[in-house]
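Sequential numbering of the sequence shown, starting at 45, is according to my numbering. Glycine residues also receive a C-beta, built at the ideal position from the N, C-alpha and C atoms.
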Amino acid sequence: MFDGYLVAAVIGMGMATYGSRLAGYWLLRDVAITGRWKAALDAVPPAILMAVIAPSVFLGTWMEWVAAALTLGAALMRAPLLVSILLGVGTVAVLRYVT
């Protein structure tokens with residue numbers, strides 16, 4: 045059921061992600077991040093999320109379009125990021141199950 049290469053890849057990606065976060069904290073531990081730098085760094089997670097999601101939406105079926113519309117609506121109503129993500133993923137899952 046589990047492929048050894050898949051498990052190694054997931055563990056490796058997790059280590060790389062965690063390592064890059066630790067390196068960032070370590071390198072910037074004595075730097076005060078304010079103003080434009082703070083605004084730029086705060087924009088990185090949503091930008092990465094959009095880069096991952098956008099191809100699925102634009103190349104997907106009507107189910108992905110519906111999920112994207114609901115997710116956008118939730119985001120515009122200032123729902124927390126996790127709620128918006130779960131709404132989109134849940135919508136696609138339900139629509140794929142019922143069709």
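Euclidean distance between Cα positions of residue i and residue j
| i | j | result |
| --- | --- | --- |
| residue 142 | residue 59 | 37 Å |
| residue 127 | residue 104 | 22 Å |
| residue 97 | residue 76 | 32 Å |
| residue 85 | residue 55 | 26 Å |
| residue 53 | residue 63 | 15 Å |
Within 8 Å, strictly: CB atoms of residue i and residue j
| i | j | result |
| --- | --- | --- |
| residue 110 | residue 135 | yes |
| residue 93 | residue 115 | no |
Candidates the options, of which the one nearest residue i by Cα
| i | options | result |
| --- | --- | --- |
| residue 23 | 78, 140 and 71 | What the structure shows of the chain is the stretch from 45 to 143, and residue 23 is not part of that stretch, so it cannot be assessed. |
| residue 65 | 53, 89 and 113 | 89 |
| residue 133 | 108, 119, 121 and 122 | 108 |
Residue i, enclosing alpha helix (DSSP H) - first and last residue
| i | result |
| --- | --- |
| residue 124 | Segment: none, residue 124 is in no alpha helix (DSSP H) and carries neither H nor E. |
| residue 56 | 48–71 |
| residue 92 | 88–102 |
Neighbour-count burial assignment, residue i, 16 or more Cβ in a 10 Å radius
| i | result |
| --- | --- |
| residue 117 | exposed |
| residue 112 | buried |
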